[in-house]
Amino acid sequence: MSVVGASDDDLLCRVLLTRVIEPGDEVGGRWVREFGVGEVARRLKEGGAALPGASGKRWAGLVARAEAARPRRDLAAARDAGVRFVSPGDAEWPGQLDDLGDARPLGLWVRGRAGLRMWALKSVAVVGARACTEYGAHMAATLAAGLAERGWVVVSGGAYGVDGAAHRGALGAGGATVAVLACGVDRPYPRGHTQLIGRIAEQGLVIGELPPGDHPTPSRFILRNRVIAALTRGTVVVEAAHRSGSLVTARAAQRLGRHTMGVPGPATSALSAGVHDLLRGEAVLVTDVADVVELVGGMGELAPDRRGPVLPRDLLDPAARQVLDALPGRGAARPAEIARSAQTAPDDAIARLYELRALGYVERHGDGWKLTRQAVMSVRGAHGPC
16 MSVVGASDDD LLCRVLLTRV IEPGDEVGGR WVREFGVGEV ARRLKEGGAA
66 LPGASGKRWA GLVARAEAAR PRRDLAAARD AGVRFVSPGD AEWPGQLDDL
116 GDARPLGLWV RGRAGLRMWA LKSVAVVGAR ACTEYGAHMA ATLAAGLAER
166 GWVVVSGGAY GVDGAAHRGA LGAGGATVAV LACGVDRPYP RGHTQLIGRI
216 AEQGLVIGEL PPGDHPTPSR FILRNRVIAA LTRGTVVVEA AHRSGSLVTA
266 RAAQRLGRHT MGVPGPATSA LSAGVHDLLR GEAVLVTDVA DVVELVGGMG
316 ELAPDRRGPV LPRDLLDPAA RQVLDALPGR GAARPAEIAR SAQTAPDDAI
366 ARLYELRALG YVERHGDGWK LTRQAVMSVR GAHGPC
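Numbering of the sequence shown is given in this note's numbering, commencing with residue 16 and proceeding in unit increments.
And the structure:
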């Protein structure tokens with residue numbers, strides 16, 4: 016197995032440590048930073064004096080794990096499953112993961128043909144409730160499809176609910192998606208998503224910190240979310256209750272200086288309560304893909320202005336519209352009065368009134384002018400029913 020940027024010894028040591036140190040363990044990360052992966056692996060395999068910050072009980076447990084680790088066997092199993100190991104410093108390593116500091120992954124197991132570093136440069140996380148509503152699934156799939164169509168990579172956790180809808184939306188649009196798992200990437204979880212994760216591996220990427228065959232735990236799901244947050248330019252939360260794990264992703268994104276976005280839901284929905292809490296803070300409300308891309312994209316990728324339908328009066332020349340607005344809602348007014356209200360000269364007001372008469376907006380009424388029924392309806396439409 017060829018590895019760019021890492022020696023065989025460094026590779027084997029990192030693979031060994033993925034069996035020993037749990038994802039996101041900042042104490043273990045500090046050991047690697049201060050002593051190097053080779054020294055940390057050696058001390059664990061030899062079972063010598065504990066490294067700083069480890070109790071005797073914890074050190075004994077880590078040493079037992081190190082004794083059972085077989086890094087060459089893990090690499091062989093990965094190779095057989097079409098999985099590669101990417102280390103920090105490799106050409107494929109996404110540099111934004113370094114923002115995690117001592118909680119940075121020791122390495123990533125990657126399944127799929129695409130290059131992770133390049134894909135991560137233009138990626139957005141779409142996460143949310145597992146037990147989502149039809150609305151949540153629809154919004155996740157629609158956002159993901161729109162992002163994929165615009166050339167963005169959709170990153171999520173491969174779970175039921177919003178995660179699965181986001182992956183399917185991106186795949187259905189023929190786009191790119193990445194599933195970040197809390198278990199070995201050769202062991203799809205949840206089981207019900209085996210086929211979906213297989214499709215993602217064929218069309219996109221499946222990545223994780225844990226070695227082949229390793230199983231998920233509740234804490235691993237939570238710690239996995241920091242990778243989703245760090246890997247992407249921003250995180251969109253679609254439905255989340257107050258204790259949803261997707262809020263962990265959003266808060267990690269905020270700590271890392273990434274964009275945090277939320278899709279609002281019904282005020283009465285408990286599944287949107289967590290999103291609404293985010294929106295009361297620093298998160299940005301988004302309702303469609305244009306909103307998302309405007310926030311995370313480059314210069315010039317602006318969302319269209321939000322406005323109601325174009326009314327006939329909107330197409331009038333500004334000066335003519337100003338005269339039209341100067342006419343009273345009921346009854347007639349003389350040209351001099353209309354000119355004063357429109358802040359223009361009487362001659363100009365008269366000229367505009369004749370233009371407006373030709374368009375059906377005003378009519379002569381003795382010495383004055385008044386709105387036609389068409390104009391009254393247009394004015395009411397412009398201001399709405401209230």
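The beta-carbon is built from N, C-alpha and C at its ideal position, and this holds for glycine as well.
Rounded straight-line distance, which links the Cα of residue j to that of residue i
i, j, result
"residue 26", "residue 291", "44 Å"
"residue 288", "residue 105", "41 Å"
"residue 14", "residue 98", "The structure shown does not extend to residue 14, since the chain is modelled only from 16 through 401, so no value can be given for it."
"residue 19", "residue 125", "Any answer about residue 19 is weak, because its pLDDT of 38 lies below 50 and its placement is not dependable; what the coordinates show is given next. Residue 19 and residue 125: Cα-Cα distance of roughly 14 Å."
"residue 156", "residue 181", "5 Å"
"residue 264", "residue 176", "16 Å"
"residue 117", "residue 161", "35 Å"
"residue 235", "residue 198", "8 Å"
"residue 396", "residue 345", "Low confidence applies here, because residue 396 scores a pLDDT of 48, under 50, leaving its location unreliable; read the following figure in that light. Distance between the alpha carbons of residue 396 and residue 345: 16 Å."
"residue 227", "residue 91", "10 Å"
"residue 281", "residue 267", "25 Å"
"residue 77", "residue 252", "36 Å"
"residue 232", "residue 238", "10 Å"
DSSP bridge partner residues for residue i (one or two, in chain order)
i, result
"residue 141", "251"
"residue 274", "249"
"residue 194", "171, 221"
"residue 123", "101"
"residue 31", "Answer is none; residue 31 lacks a bridge partner."
"residue 378", "385"
"residue 299", "276"
Minimum C-alpha distance to residue i - residue among the options
i, options, result
"residue 194", "86, 279, 244", "244"
"residue 81", "284, 57, 297, 178", "57"
"residue 255", "286, 281, 247", "286"
"residue 190", "164, 200, 175", "164"
"residue 460", "219, 86, 357", "The structure shown does not extend to residue 460, since the chain spans only 16 to 401, so no value can be given for it."
"residue 217", "246, 96, 146", "96"
"residue 271", "346, 246, 352", "246"
"residue 137", "248, 374, 84", "248"
"residue 192", "213, 309, 201, 199", "213"
"residue 129", "145, 108, 147, 148", "108"
"residue 259", "174, 299, 350", "174"
Local conformation of residue i per DSSP, three classes
i, result
"residue 222", "strand"
"residue 384", "strand"
"residue 348", "strand"
"residue 107", "coil"
"residue 257", "coil"
"residue 361", "helix"
Test: residue i CB closer than 8 Å to a CB of chain D
i, result
"residue 223", "This model lacks chain D altogether, as it is built from one protein chain only."
With contact counted as at least three CB pairs below 8 Å, one residue from each stretch, are the region 97 to 116 and the region 139 to 149 in contact? Because the criterion of three Cβ pairs below 8 Å is not met, the region 97 to 116 and the region 139 to 149 do not touch.
Stretch pair the region 367 to 380 + the region 338 to 345: three plus CB contacts closer than 8 Å: Flag = yes, the region 367 to 380 and the region 338 to 345 touch.
With three or more C-beta pairs closer than 8 Å as the rule, is the region 114 to 130 touching the region 32 to 40? The region 32 to 40 is in contact with the region 114 to 130.
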